[in-house]
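In mature numbering (1 follows the signal peptide of the UniProt record, and there is no 0), the protein residues as written are -23 to -1, 1 to 191. Yeah, the Cβ is synthetic: ideal placement off N, Cα and C, and Gly gets one too. The structure displayed is predicted, hence computed values, not measured ones.
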């Protein structure tokens, strides 16, 4: 095998390894689906589906008050968190970040230094498909090797009478505190981009071999 072919094969293997390094994690309860997806060393997404059709004691929920994450690794150099939501809410939502956990009273900075708590102000209106992109700011952060992220979430029933937390909302149902399960076993097939890359590489290898034989 020529040097160029060996280099191409190595590049394909490296790319495929990179696409599989960041695993997905999920959990479903009371009709609501939560999916964590690692994007790079300091960015991940959280998808919440079917929240407006929740069952059990989440059924009355209209808004999301808090999100919390644990098990992301060393966050000692974290300086801030940037949150974007798709679809974007009709009115402006400010996300307040605390290096701590979500508790029954909101974000608690003294609860766990290796956790982050995100407070939506005002509370975020629910839809049946919310995608959060969360960027962790700071030097040296690496969440690429996450194996068991824990998610905390508090759904609320919004009250328009007052706009200030905690009087502005009434928490509804159980506060979610769950370690998400890896979806690797359920999703053994490579991603479409990986398949396309592998196909192009194999085609290139075949063409190169034909040229060598000619």
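Just the Cα atoms here: how many angstroms apart are residue i and residue j?
i           : j           : result
residue 7   : residue 26  : 11 Å
residue 115 : residue 19  : 9 Å
residue 13  : residue 63  : 15 Å
residue 160 : residue 125 : 11 Å
residue 30  : residue 154 : 20 Å
residue 122 : residue 157 : 14 Å
residue 28  : residue 53  : 33 Å
residue 71  : residue 102 : 13 Å
residue 95  : residue 3   : 19 Å
residue 127 : residue 69  : 27 Å
residue 81  : residue 117 : 31 Å
residue 86  : residue 58  : 15 Å
residue 5   : residue 56  : 31 Å
residue 110 : residue 16  : 9 Å
residue 33  : residue 45  : 22 Å
Once DSSP output is grouped into helix, strand and coil, what is the label at residue i?
i           : result
residue 1   : strand
residue 217 : Any answer about residue 217 is impossible in this case: the structure gives the chain only from -23 up to 191.
residue 95  : strand
If you follow the beta strand (DSSP E) that residue i is part of, which residue opens it and which one closes it?
i           : result
residue 192 : Any property of residue 192 remains undetermined from this structure, which presents the chain solely from -23 to 191.
residue 124 : Segment: none, residue 124 is in no beta strand (DSSP E) and carries neither H nor E.
residue 110 : 106 to 114
For residue i, which beta-bridge partners are listed by DSSP?
i           : result
residue 102 : 40
residue 161 : Partner(s): none; residue 161 has no beta bridge.
Does any residue of chain B bring its CB to less than 7 Å from the CB of residue i?
i         : result
residue 8 : Absence of chain B from the displayed structure is noted, only one protein chain being present.
**Prompt:** What runs of the beta strand (DSSP E), each 3 residues or longer, lie entirely inside the region 6 to 92?
**Reply:** 9 to 17, 20 to 26, 40 to 47, 57 to 63, 71 to 75, 78 to 80 and 83 to 85
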